[in-house]
Amino acid sequence: MLKIGLLGFGTVNSGVYEGITDTLPYLESILGTRITVEKILIRDKKRYLGEKNSELFTDSPDDFFSYEFDVVFEAMGGEQPALDYITFLLSKKVPIVTANKELVAKHGSNLENLAYKNETFIGYEATVAGGIPIINTLKSQLQWTSVEKISGILNGTTNYIITRLQAGSDDFETVLKEAQQLGFAEADPTSDIEGFDALYKLQILCRLCFGSWPKPEQFQRSGMSHLKSCHFKAGEYFNLKLKYIAEAYYDGTDIKGSISPCFVDAKSPLASIENENNGVYLQGDWLGNFFASGPGAGKRPTATSMIEDFLHQLQKSGNQPRVPKLKKISKLECKEFLLVFDTNNETEVYHTLKEIIHSVEEVVQFDNNQKVAMLVTINELIPLNNTANEKVEFYPVLRVNGKVQKTKANKQLKAL
Ligand SMILES: NC(=O)c1ccc[n+]([C@@H]2O[C@H](COP(=O)([O-])OP(=O)(O)OC[C@H]3O[C@@H](n4cnc5c(N)ncnc54)[C@H](OP(=O)(O)O)[C@@H]3O)[C@@H](O)[C@H]2O)c1
Numbered sequence: 028m029l030k031i032g033l034l035g036f037g038t039v040n041s042g043v044y045e046g047i048t049d050t051l052p053y054l055e056s057i058l059g060t061r062i063t064v065e066k067i068l069i070r071d072k073k074r075y076l077g078e079k080n081s082e083l084f085t086d087s088p089d090d091f092f093s094y095e096f097d098v099v100f101e102a103m104g105g106e107q108p109a110l111d112y113i114t115f116l117l118s119k120k121v122p123i124v125t126a127n128k129e130l131v132a133k134h135g136s137n138l139e140n141l142a143y144k145n146e147t148f149i150g151y152e153a154t155v156a157g158g159i160p161i162i163n164t165l166k167s168q169l170q171w172t173s174v175e176k177i178s179g180i181l182n183g184t185t186n187y188i189i190t191r192l193q194a195g196s197d198d199f200e201t202v203l204k205e206a207q208q209l210g211f212a213e214a215d216p217t218s219d220i221e222g223f224d225a226l227y228k229l230q231i232l233c234r235l236c237f238g239s240w241p242k243p244e245q246f247q248r249s250g251m252s253h254l255k256s257c258h259f260k261a262g263e264y265f266n267l268k269l270k271y272i273a274e275a276y277y278d279g280t281d282i283k284g285s286i287s288p289c290f291v292d293a294k295s296p297l298a299s300i301e302n303e304n305n306g307v308y309l310q311g312d313w314l315g316n317f318f319a320s321g322p323g324a325g326k327r328p329t330a331t332s333m334i335e336d337f338l339h340q341l342q343k344s345g346n347q348p349r350v351p352k353l354k355k356i357s358k359l360e361c362k363e364f365l366l367v368f369d370t371n372n373e374t375e376v377y378h379t380l381k382e383i384i385h386s387v388e389e390v391v392q393f394d395n396n397q398k399v400a401m402l403v404t405i406n407e408l409i410p411l412n413n414t415a416n417e418k419v420e421f422y423p424v425l426r427v428n429g430k431v432q433k434t435k436a437n438k439q440l441k442a443l
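Per the working numbering, the sequence shown starts with residue 28, numbered consecutively.
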């Protein structure tokens, strides 16, 4: 008999419960044993009185932890009390499957070690890119293969907003409200639109690709709420698509990266990821380019990840956290940028930036000739939050295979 506990019963864990109960005979045949959901911990029992099997619900942690479990699925969210509960369960050798990216990004190192010490496991497939099985793919395939660079669309809310702005909606607030009504965005969208959610997921992917847990300070992060449809129009002129990209690489000393609006080569598979979907693009010397895409969140896709994660963890041998072979990135490619500034700042901007600009590829005026977009290559990597000229928006340009594809060099100013 396999006894299951659920911490939380919201979008994700109600999906896990339905997934388990709807396919019980099949799951039992895979595992070769009977399965029961023993207890479900929530905050307020009254809210769950209408649920089937309402006797399973408890809002008393003491009651929940008085039961014995063979696995616990955690989808409460937040750092506490999830951290204390999982620490307690792992110490008792109870396997954990979690969807809680904030918890794993901030405490994954200690929790993995605790699980290893207690000969159990913590699975966190569902923390990154909802239904895309990227974590366990990396866990199974990274003994010899090294990854040089991760680029991803890791947040469904921001990708949905971007898709709508790309289609011509100009008002960020209206699009955000629409995303909230459709259930893609939280009531408080800060974590999504300021890039914290994508940062947590990027930290977790770095653990798998580069073998250690990076700190938030190792990444530059800029939000996306200032974007307007005119930015997309300027990108189209250069055959580039604006996306909210999380990327990371190992520079030979440290893991580095960014979460920011980027212009992506229209040929990149990331350019075609629309609405609430996610995409993960990995580059490596032997691996070449690997791309996976799919639903970034949602009840069923995320529940699928949780259940598959449990089966994967049970069936794999050994719990030692994997340490992949580290590979320094062969070239730092982000030397191409699209700079955006107001027409009335032109002279000042040209003057301030001439020290760092290697070449100007093309310049266009857009937004009723009020703004300038300038495609440039630069001498060295510059920080996104560049202070050289606060009047300039800096957008990195990502090309397929990192190759700068020169546009027909036309430095004449054109009007879009
Ligand atoms: N939604 C998605 O598509 C998705 C996808 C991937 C990952 N995730 C992650 O999965 C986690 C859960 O997300 P969700 O969307 O399922 O959240 P949700 O719908 O808000 O559900 C949270 C559940 O946890 C319970 N809970 C919260 N705090 C608790 C506490 N202190 N003690 C006991 N129960 C508590 C809530 O109970 P009450 O109702 O009684 O408050 C509720 O049942 C988050 O970390 C999220 O980032 C979500």
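Ideal Cβ positions, reconstructed from N, Cα and C, are used throughout, including at glycine. Computed from a prediction, not measured in an experiment: that's the story for all the values here.
Cβ-based burial, Y53 [other Cβ within 10 Å; buried from 16]: Within the sequence shown, residue 53 is the residue found at index 26, counting from 1. By the neighbour-count rule (16 or more Cβ atoms within 10 Å), Y53 is not buried but exposed.
Segments of 4+ residues assigned as alpha helix (DSSP H) that fall wholly inside the stretch 109-135: 109-118
Neighbourhood of E95 by C-beta distance below 8 Å, restricted to the same chain and skipping five residues each side: Your numbering for residue 95 matches position 68 in the sequence shown. These residues qualify, in order along the chain: K30, E65.
N- and C-terminal bounds of the alpha helix (DSSP H) containing N186: Counted from its first residue, the sequence shown places residue 186 at position 159. Element bounds for N186: 183-193.
Of the listed residues L338, G104, D89, nearest to I57 (C-alpha basis): The count along the sequence shown starts at 1 and reaches residue 57 at position 30. Cα-wise, what sits closest to I57 is L338.
Where D292 sits in the DSSP three-state scheme: Locating residue 292 in the sequence shown gives position 265, counting from the first residue. Strand, per DSSP.
Inter-residue spacing [alpha-carbon to alpha-carbon] between Q247 and F223: Residue mapping note: residue 247 aligns to position 220 of the sequence shown, counting from 1. Residue mapping note: residue 223 aligns to position 196 of the sequence shown, counting from 1. Q247 and F223: Cα-Cα distance of roughly 11 Å.
Residue of Q207, D394, S299 minimising C-alpha distance to Y264: As a first step, residue 264 must be located in the sequence shown, where it is residue number 237. Considering only alpha carbons, the answer is D394.
C-alpha distance - L51 paired with G59, whole-angstrom precision: Locating residue 51 in the sequence shown gives position 24, counting from the first residue. Locating residue 59 in the sequence shown gives position 32, counting from the first residue. Going from the Cα of L51 to the Cα of G59 covers about 11 Å.
Proximity test, E221 beta-carbon vs ligand 1 heavy atom, cut-off 7 Å: Position 194 of the sequence shown, counted from the start, is the residue given in the question as residue 221. Checking every heavy atom of ligand 1 against the Cβ of E221, none is found closer than 7 Å.
Inter-residue spacing [alpha-carbon to alpha-carbon] between L380 and N396: Here residue 380 refers to the residue found at position 353 of the sequence shown. Here residue 396 refers to the residue found at position 369 of the sequence shown. Distance between the alpha carbons of L380 and N396 is about 21 Å.
Local conformation of L341 per DSSP, three classes: For the purposes of this step, residue 341 is taken as the residue at position 314 of the sequence shown. Here L341 sits in helix by DSSP.
Proximity test, P108 beta-carbon vs ligand 1 heavy atom, cut-off 7 Å: Taking the first residue of the sequence shown as 1, we reach residue 108 at position 81. P108: yes, Cβ under 7 Å from ligand 1.
Cutoff 6 Å; reference H134; Cβ partners in own chain excluding five residues on either side: Residue numbering aside, residue 134 sits at position 107 when the sequence shown is read from its first letter. The answer, listed in chain order, is L110.
L209 burial status per 10 Å Cβ neighbour count (16 or more: buried): Residue numbering aside, residue 209 sits at position 182 when the sequence shown is read from its first letter. Classification for L209: exposed.
Exposed unless 16 or more other CB atoms sit within 10 angstroms - verdict on V292: Within the sequence shown, numbered from 1, the residue matching residue 292 stands at position 265. In the sequence as presented, Val is not what sits at residue 292; that position holds Asp. Burial call: buried.
Test item: CB-CB of K343 and F368 under 8 Å: Numbered from 1 along the sequence shown, position 316 holds the residue referred to as residue 343. Numbered from 1 along the sequence shown, position 341 holds the residue referred to as residue 368. No, the Cβ-Cβ distance between K343 and F368 is not below 8 Å.
Beta strand (DSSP E) runs wholly inside the stretch 295-335, at least 3 long, in chain order: 304-311, 315-322
Top-ranked residue by Cα proximity to K294, from P288, S287, Y308: Position 267 of the sequence shown, counting from 1, holds the residue named residue 294. Checked all of P288, S287, Y308; the closest Cα to K294 is Y308.
Check whether P322 and I282 have beta carbons under 8 Å apart: Here residue 322 refers to the residue found at position 295 when the sequence shown is read from its first residue. Here residue 282 refers to the residue found at position 255 when the sequence shown is read from its first residue. For P322 and I282, no; Cβs fall outside 8 Å.
Cβ pair I220, S252 closer than 8 Å: By 1-based counting over the sequence shown, the position of residue 220 is 193. By 1-based counting over the sequence shown, the position of residue 252 is 225. Against a cut-off of 8 Å, the Cβ pair of S252 and I220 comes out as a contact.
CB contact flag (P160, Q340, <8 Å): On the sequence shown, position 133 is the one that residue 160 refers to. On the sequence shown, position 313 is the one that residue 340 refers to. In this structure, Q340 does not lie closer than 8 Å to P160 by Cβ.
Paired residues, beta bridge with R248 - DSSP: Translated into the one-based positions of the sequence shown, residue 248 becomes position 221. Partner(s): I286.
Cβ-based burial, Q107 [other Cβ within 10 Å; buried from 16]: Residue mapping note: residue 107 aligns to position 80 of the sequence shown, counting from 1. The residue is exposed, with fewer than 16 neighbouring Cβ atoms inside 10 Å.
Cβ neighbours of I405 in the same chain (closer than 7 Å, five flanking residues each side left out): Your numbering for residue 405 matches position 378 in the sequence shown. The answer, listed in chain order, is K362, F364, I383, I384, H385.
Any non-hydrogen atom of ligand 1 within 7 Å of E129 CB: Position 102 of the sequence shown, counting from 1, holds the residue named residue 129. E129 Cβ: within cutoff of ligand 1.
Exposure label - T374; buried when at least 16 CB within 10 Å: One-based indexing of the sequence shown puts residue 374 at position 347. Result: exposed.
Residue-chain proximity (F246, chain B), Cβ-Cβ < 8 Å: Absent from the structure: chain B. Only one protein chain is present.
DSSP beta-bridge partners of M401: The count along the sequence shown starts at 1 and reaches residue 401 at position 374. M401 pairs with L366, V390.
Inside the stretch 37-114 only - alpha helix (DSSP H) runs reaching at least 4 residues: 38-49, 51-58, 88-92
Distance between G262 and F36 (C-alpha atoms, nearest Å): Mapped onto the sequence shown, residue 36 falls at position 9. Mapped onto the sequence shown, residue 262 falls at position 235. Rounded to the nearest angstrom, the two C-alpha atoms are 42 Å apart.
Coarse secondary structure for F421, derived from DSSP in three states: Residue mapping note: residue 421 aligns to position 394 of the sequence shown, counting from 1. If DSSP states are grouped into helix, strand and coil, F421 belongs with the strands.
First through last residue of the beta strand (DSSP E) which encompasses E274: Along the sequence shown, read from residue 1 onward, the residue named residue 274 stands at position 247. Element bounds for E274: 267-277.
DSSP bridge partner residues for K176 (one or two, in chain order): As a working mapping, residue 176 is identified with position 149 in the sequence shown. Y276, Q310, per the DSSP bridge assignment.
Three-way DSSP call (helix, strand, coil) for H253 in this model: Counted from its first residue, the sequence shown places residue 253 at position 226. Of the three classes helix, strand and coil, the one that applies to H253 here is coil, per DSSP.
V39: CB within 7 Å of a non-hydrogen atom of ligand 1: As a position in the sequence shown, residue 39 is number 12, starting the count at 1. Yes, the Cβ of V39 comes within 7 Å of a heavy atom of ligand 1.
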